[in-house]
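Every position in the sequence shown, counted from 1, becomes a number in the numbering used here once 9 is added.
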Amino acid sequence: MHPDSEDLWFLPLGGTGEIGMNLNLYGHAGRWLMVDCGVTFAKEGQAGPHVQMADPEFIVQRRDDLEALLVTHAHEDHVGAVAHLWPRLGCRVITSGFTAAILTRKLAEVGLAGQVPIEVMESGARSLLGPFDVQWLRLTHSIPEAHALMIRTAAGKVLHTGDWKLDPDPVVGDATVASAFEALAEEGVDAMVCDSTNAMVAGHSTSEAELLPGLTRVVGEARGRVVVTAFGSNIARLHTLAQVALATGRHMSVLGRSLHNMVAAAREACLWHPVRDLVPARELGYLPREEILVVATGSQGDPGAALDRLARGSHPDLELETGDRVVFSSRVIPGNEDGLNRLLRRLEQQRVEVVTAEDALIHASGHPCQDELRTLYRWVRPKTAVPVHGEPPHLAAHAVVAREAGVPLQLLGRNGDLFLLAPVAGVRRGLVGCGRLGLTGNRLERVAGRMAEDERASTKVSE
Ligand SMILES: [Zn+2]
Ligand SMILES: [Zn+2]
10 MHPDSEDLWF LPLGGTGEIG MNLNLYGHAG RWLMVDCGVT FAKEGQAGPH VQMADPEFIV
70 QRRDDLEALL VTHAHEDHVG AVAHLWPRLG CRVITSGFTA AILTRKLAEV GLAGQVPIEV
130 MESGARSLLG PFDVQWLRLT HSIPEAHALM IRTAAGKVLH TGDWKLDPDP VVGDATVASA
190 FEALAEEGVD AMVCDSTNAM VAGHSTSEAE LLPGLTRVVG EARGRVVVTA FGSNIARLHT
250 LAQVALATGR HMSVLGRSLH NMVAAAREAC LWHPVRDLVP ARELGYLPRE EILVVATGSQ
310 GDPGAALDRL ARGSHPDLEL ETGDRVVFSS RVIPGNEDGL NRLLRRLEQQ RVEVVTAEDA
370 LIHASGHPCQ DELRTLYRWV RPKTAVPVHG EPPHLAAHAV VAREAGVPLQ LLGRNGDLFL
430 LAPVAGVRRG LVGCGRLGLT GNRLERVAGR MAEDERASTK VSE
């Protein structure tokens, strides 16, 4: 398999036909670009270790032809496998300042500090990587500094959106500028490879800024301590909560290693400017309970996370009592229901009040709903839509939206399929084996290869 100078290929090894462990390749003129390198977490009852990632064997065998790894943003499903797979790839890594700050920490954790050449790109920057001319275009998402990549080659042009939403008021960072994407349509885009997570949801996603009133109300009504749990990487949510703390006369503190890492990375990337800074967790014991607002990790019921320890009464810095309130500014990721229910039962036993996103407008998704997909397709006007970042039903729903938005061709497929983007669009099914690697300690091992085959057999994908 060798793309020649007439070809522009897209080859997903992870993240297409599933949500998680994104690993995408673009091929042209004998060279390859990798976009994202993430992990997924095995659900209860699934085979293999908890942390899993796409098997990169195909590109490892061609590592001399790999120009670079580009990381669109710092979510685990996009950056989480870099520290584990980079030793097999040995390539340049290019990303944003915030993502670089997160990645640098992850590399240090596995003993690779200072060994990986990470280059930081500014939004709007454009550079040549072998035969690929790559431009970084800022989009809003539920984490700072998410980027779409416009990849131009002599054979064709593709916009890889990464994860995104159109948030008119993202709290941290700027709203998306339509003109930057409309300009792409002027020069002509062969294909748009795009996020399908919320393609089955009508309407428009909620803006981060819309959460302030709901969060202010649920915190303001509380009489005791308030613990809010949210996805730690959502720096905008942390800013909103800092504002809520100020408005409700509380001091904010964060509990949990991943939250501390995120705040530190945000500081490094100059993205941390709440009105009043955080109170160290060890000082919480000296504050009156009605003056405490804690943000804690563990919104999915994760064992050992800060919220789990609070629910068990085993956290060294804070103890919950009857009448304290836990606010879930999050959603349940499918597969985590059992763990979360166990956590909720523990909180109930402690007579702690629980507020979830079903009770108030306190969570916003980071992915585009159907109206936003239509808008981006109308801005970019690609010839071909390639739905990714979704399970087969999400991809199929996305294809319908793309067709309605006037995109002439939609290509549906899954990991291991070769998408021909130019000169003639099409899909070659199952050209590349796409297994998974599981992480046990620091060791990577193949996860039962049959699982991927079984999934393929049970999933109907149509064009
Ligand atoms: Zn993602
Ligand atoms: Zn994301």
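All residues carry an ideal CB built from backbone N, CA and C; glycine is no exception.
Extent of the continuous beta strand (DSSP E) to which residue i belongs
i: Met-62; result: 60 to 63
i: Ala-394; result: 393 to 397
i: Asp-142; result: 141 to 148
i: His-156; result: 155 to 161
i: Asp-204; result: 200 to 204
i: Arg-437; result: 435 to 437
i: Thr-238; result: 235 to 238
i: Leu-429; result: 427 to 431
i: Glu-362; result: 362 to 364
i: Val-335; result: 334 to 337
i: Arg-423; result: Segment: none, Arg-423 is in no beta strand (DSSP E) and carries neither H nor E.
i: Ala-134; result: Per DSSP, Ala-134 belongs to no beta strand (DSSP E) and is neither H nor E.
i: Ile-127; result: 127 to 129
i: Arg-259; result: Taken as a continuous stretch (DSSP letters only), Arg-259 belongs to no beta strand (DSSP E), as it is neither H nor E.
i: Glu-454; result: 452 to 456
i: Ala-305; result: 301 to 305
Inter-residue CB distance, residue i and residue j (contact presumed, cutoff 8 angstroms)
i: Ala-109; j: Val-129; result: 5 angstroms
i: Val-361; j: Val-335; result: 6 angstroms
i: Leu-264; j: Ala-315; result: 4 angstroms
i: Cys-443; j: Asp-64; result: 7 angstroms
i: Val-167; j: Phe-19; result: 7 angstroms
i: Val-48; j: Val-60; result: 5 angstroms
i: Val-389; j: Met-201; result: 6 angstroms
i: Ile-244; j: Met-261; result: Ile-244 to Met-261, Cβ: 14 angstroms. No contact.
i: Pro-153; j: Ala-275; result: 7 angstroms
i: Val-181; j: Leu-302; result: Not confirmed; about 19 angstroms, so no contact.
i: Leu-421; j: Ala-434; result: Not confirmed; about 12 angstroms, so no contact.
i: Asp-370; j: Val-363; result: The residue you asked about is not Asp; residue 370 is Leu in the sequence shown. With 8 angstroms as the limit, Leu-370 and Val-363 do not qualify as a contact, their Cβ atoms being about 17 angstroms apart.
i: Glu-456; j: Gly-29; result: First, the amino acid is wrong: residue 456 is Val here, not Glu. Not quite, the Cβ-Cβ distance comes to about 13 angstroms (not below 8 angstroms), so this is no contact.
i: Ala-408; j: Val-304; result: Not quite, the Cβ-Cβ distance comes to about 38 angstroms (not below 8 angstroms), so this is no contact.
Proximity of residue i and residue j at Cβ, strictly below 7 angstroms
i: Arg-383; j: Ala-414; result: yes
i: Pro-401; j: Gly-26; result: yes
i: Ile-111; j: Ala-83; result: yes
i: Arg-285; j: Leu-255; result: yes
i: Ala-373; j: Thr-215; result: yes
i: Ala-5; j: Val-416; result: The structure shown does not extend to residue 5, since the chain spans only 10 to 472, so no value can be given for it.
i: Thr-306; j: Ser-267; result: yes
i: Asp-176; j: Thr-206; result: no
i: Ile-103; j: Leu-121; result: no
i: Thr-81; j: Gly-171; result: yes
i: Arg-72; j: Leu-98; result: yes
i: Asp-74; j: Trp-41; result: yes
i: Gly-348; j: Gly-310; result: yes
i: Tyr-386; j: Ala-406; result: no
i: His-11; j: Ala-164; result: no
i: Leu-327; j: Leu-293; result: yes
i: Leu-446; j: Leu-440; result: no
i: Ala-189; j: Leu-146; result: yes
i: Asp-178; j: Ala-117; result: no
i: Leu-404; j: Pro-396; result: yes
i: Asp-183; j: Arg-161; result: no
i: Gln-359; j: Leu-329; result: yes
i: Asp-86; j: Asn-33; result: no
i: Arg-423; j: Asp-333; result: no
i: Asp-204; j: His-376; result: yes
Residue interval of the alpha helix (DSSP H) (run including residue i)
i: Glu-191; result: 187 to 196
i: Ala-245; result: 244 to 256
i: Asp-380; result: 379 to 389
i: Gly-447; result: No alpha helix (DSSP H) contains Gly-447, which is instead part of the beta strand (DSSP E) from 445 to 449.
i: Arg-276; result: 266 to 277
i: Ala-408; result: 401 to 413
i: Val-167; result: Note, Val-167: premise wrong, no alpha helix (DSSP H); beta strand (DSSP E) at 166 to 169.
i: Leu-316; result: 315 to 321
i: Arg-226; result: 220 to 229
i: Leu-7; result: What is shown of the chain runs 10 to 472, which leaves residue 7 out entirely.
Any residue whose CB is nearer than 5 angstroms to a heavy atom belonging to ligand 2, listed in chain order: His-84 and Asp-172
Residue ranges of each beta strand (DSSP E) within the stretch 39 to 124, 3 or longer: 40 to 46, 48 to 50, 60 to 63, 75 to 79 and 101 to 104
Whole beta strand (DSSP E) elements within the stretch 13 to 41, 3-residue minimum: 17 to 23 and 32 to 37
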